[in-house]
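Numbering (our numbering), first residue to last: 148 to 285. Here's the structure, in structure tokens; my notes come after.
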Amino acid sequence: MTMMKSAVFGVGVLCAVLLACKGPSKGKASGEQKKAEPELTVTAEQLQSDYTANEVRADQKYKGKTIRVRGVVDRIDSAVLDQPVVVLGTSGFMGVRLNGLSTDKAAALDKGQELEAVCVGGGEVIGSPSLDGCELTK
């Protein structure tokens, strides 16, 4: 039974990672997902705190909505297919993931740099709030 639980957990983690690392939708340029003005402005720390307190409530508040987020760059990673992922530092384990930035924009960032981006809320993946279609605003 333990072997089966481990296998199910492993498959679940793999699916979550693949979903979190997906690039922009086919036929849409990065950032085309969101054209509206931000409905909410939030810090990365507050976003992480809201998801830690109650993921369902946080999804209702943020998922699918245009959000302006502010924070400090903790990491700049390459995900599946070399898609850049910028992680804003928080008191949470993994930080807030910004997806959809161009490679050039991500390459110009530095760890410790303050930034502001407009994104679409993408929910939480393995304890990390995920934002899609992000565009830097400063």
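In this text, a Cβ means the ideal position worked out from N, Cα and C, and glycines have one as well. Because the structure is a prediction, the values reported are computed rather than measured.
Subject >> For A200, the three-state DSSP class (helix, strand or coil) >> reply: Position 53 of the sequence shown, counted from the start, is the residue given in the question as residue 200. In the structure shown, A200 sits in a helix (DSSP, three-state: H, G or I).
Subject >> Contact check, K258 vs V220, beta carbons under 7 Å >> reply: Stepping through the sequence shown from its first residue, residue 258 is reached at position 111. Stepping through the sequence shown from its first residue, residue 220 is reached at position 73. A contact, by the Cβ cut-off of 7 Å.
Subject >> For K254, the first and last residue of its enclosing beta strand (DSSP E) >> reply: Counting from 1 along the sequence shown, the entry for residue 254 is found at position 107. Sequence check: residue 254 is Ala here, not Lys. Note, A254: premise wrong, no beta strand (DSSP E); alpha helix (DSSP H) at T250 to A254.
Original post:
Below 8 Å, can you find three or more Cβ-Cβ pairs linking the region 240 to 255 to the region 201 to 213?
Top reply: no
**OP:** Measure the C-alpha to C-alpha separation of G270 and E202 and round it to an integer number of angstroms.
**Re:** Residue mapping note: residue 270 aligns to position 123 of the sequence shown, counting from 1. Residue mapping note: residue 202 aligns to position 55 of the sequence shown, counting from 1. Straight-line Cα distance between these residues: approximately 8 Å.
Subject >> Which residues DSSP lists as bridging L187, in chain order >> reply: Taking the sequence shown and counting its residues from 1, the one referred to as residue 187 is at position 40. In DSSP, L187 forms a bridge with I214.
Original post:
Among residues of its own chain, excluding the 5 on either side of A264, which ones have a beta-carbon nearer than 7 Å to its beta-carbon?
Top reply: Counting from one through the sequence shown, the residue named residue 264 turns up at place 117. Here the set comprises V216, L245, C281, E282, L283 and T284.
**OP:** Report the rounded CA-to-CA distance for D229 versus G268, giving the unit in angstroms.
**Re:** Within the sequence shown, numbered from 1, the residue matching residue 229 stands at position 82. Within the sequence shown, numbered from 1, the residue matching residue 268 stands at position 121. Cα to Cα, D229 sits roughly 22 Å from G268.
Original post:
Nearest-angstrom Cα distance between K175 and G247?
Top reply: For the purposes of this step, residue 175 is taken as residue 28 along the sequence shown, with counting starting at 1. For the purposes of this step, residue 247 is taken as residue 100 along the sequence shown, with counting starting at 1. At K175, the pLDDT of 40 sits below 50, so the modelled position is not reliable and the matter cannot be decided from this model.
Subject >> Nearest residue (CA-CA) to G236, options V227, T250, G218 and S249 >> reply: Counted from its first residue, the sequence shown places residue 236 at position 89. If we check each option's Cα against that of G236, G218 comes out closest.
**OP:** For my contact list, T213 and E192 are in at a C-beta cut-off of 8 Å; report their separation, rounded to the angstrom.
**Re:** Reading the sequence shown from its first residue, position 66 is the one you call residue 213. Reading the sequence shown from its first residue, position 45 is the one you call residue 192. Their Cβ separation, rounded to whole angstroms, is 20 Å, which puts T213 and E192 out of contact at 8 Å.
Subject >> Coil, strand or helix - A264 by DSSP >> reply: Taking the first residue of the sequence shown as position 1, residue 264 is located at position 117. Reduced to three states, the DSSP call for A264 is strand.
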